[in-house]
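Participant: Counting from 1, position 50 in the sequence shown corresponds to residue 32 in our numbering; the numbering is continuous, with no gaps.
What follows is a structure written as structure tokens; I'll ask about it next.
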Amino acid sequence: MPSSGYPPSSTVPTYGPGPIRTTPSISSHAAPLRSSARRHSPDSLLGPDAPTQPRNYVTPSATSRKEIPAYYLKQQRRSPNQVLHVLEEDEDDELTEEPLPENATDQEKIDYKRRQNTLAARRSRKRKLLYTQQLEATVERLSAEMEMWRTRALTLRQLLRSHNVPCPDFND
């Protein structure tokens, strides 16, 4: 045994050679963390009919400090034609609530805008979850397919070698 710098009576453990792996195995790796582990299905997300959470802050935040949001002040400075044009651009988006009446108060307009933003965020989270689940399913399917082809290739290589047919060694 080569000298390791420790006296022979030392309590340093000695280890024999470890196991030799000839083929890397994907199944030996730990399972990847799933981003959708928190939310198992799109149905577990809040629906569009769920109420918008009230603003209850313990300390003032950047958004709760202002009585009137900045976007609302900008909207008031526009001419009525520009405001109408902005509303027409949003027609592609699903509107789940009735539009506000013309005589709505400023606070009603602010609350309506906040509600629409909340609904849009919920729809976005649902789309993102569905997309993530689709990607994860694709990765699982492709990983299983890759393992199947790897097994087939290794089996065929063994078959060729058993019949003394030269077969290249792929070291990847």
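Even for Gly, the Cβ is constructed at its ideal location relative to N, Cα and C.
Taking 8 Å as the threshold, find out whether the region 89 to 102 comes into contact with the region 123 to 133 through three or more Cβ pairs.
Facilitator: Taking 8 Å as the limit for Cβ pairs, the verdict is that the region 123 to 133 does not touch the region 89 to 102.
Participant: Hey, how far is the Cα of Pro42 from the Cα of Tyr94?
Facilitator: C-alpha separation (whole angstroms): 22 Å.
Participant: Would the beta-carbon of Arg107 fall within 8 Å of that of Pro30?
Facilitator: Going by C-beta atoms, Arg107 is not nearer than 8 Å to Pro30.
Participant: Could you name the residues of the same chain whose beta carbon sits closer than 7 Å to that of Ser9, not counting the 5 residues immediately before and after it, in chain order?
Facilitator: Residue placement at Ser9 cannot be trusted, given a pLDDT of 49 that sits under 50; what the coordinates show is reported in the next sentence. Once the five neighbours on either side are set aside, Ser9 has no close Cβ partner at all.
Participant: Leaving aside the five residues before and after Leu142 along the sequence, list all residues of the same chain whose C-beta is less than 6 Å from its C-beta, in chain order.
Facilitator: Answer for Leu142: Cys149, listed in chain order.
Participant: Check Leu28 in the structure and name its three-state DSSP category.
Facilitator: Of the three classes helix, strand and coil, the one that applies to Leu28 here is coil, per DSSP.
Participant: Give me the Cβ distance between Pro24 and Leu111, rounded to the nearest whole Å; I'm assuming they're in contact under 8 Å.
Facilitator: The Cβ separation is near 5 Å, so the contact holds.
Participant: Is Thr100 closer than 8 Å to Thr34 when the C-beta atoms are compared?
Facilitator: In contact: Thr34 and Thr100 (Cβ atoms closer than 8 Å).
Participant: Keeping to the same chain, check which residues put their C-beta closer than 7 Å to that of Val68; ignore five residues upstream and five downstream.
Facilitator: Any reading at Val68 must be qualified, since the residue scores a pLDDT of 46, below 50, and its modelled position is unreliable; the value itself is stated next. Cβ neighbours of Val68 beyond the five flanking positions: none.
Participant: Taking the alpha helix (DSSP H) that Ile50 falls in, what are its first and last residues?
Facilitator: Unbroken run through Ile50: none, as it is neither H nor E.
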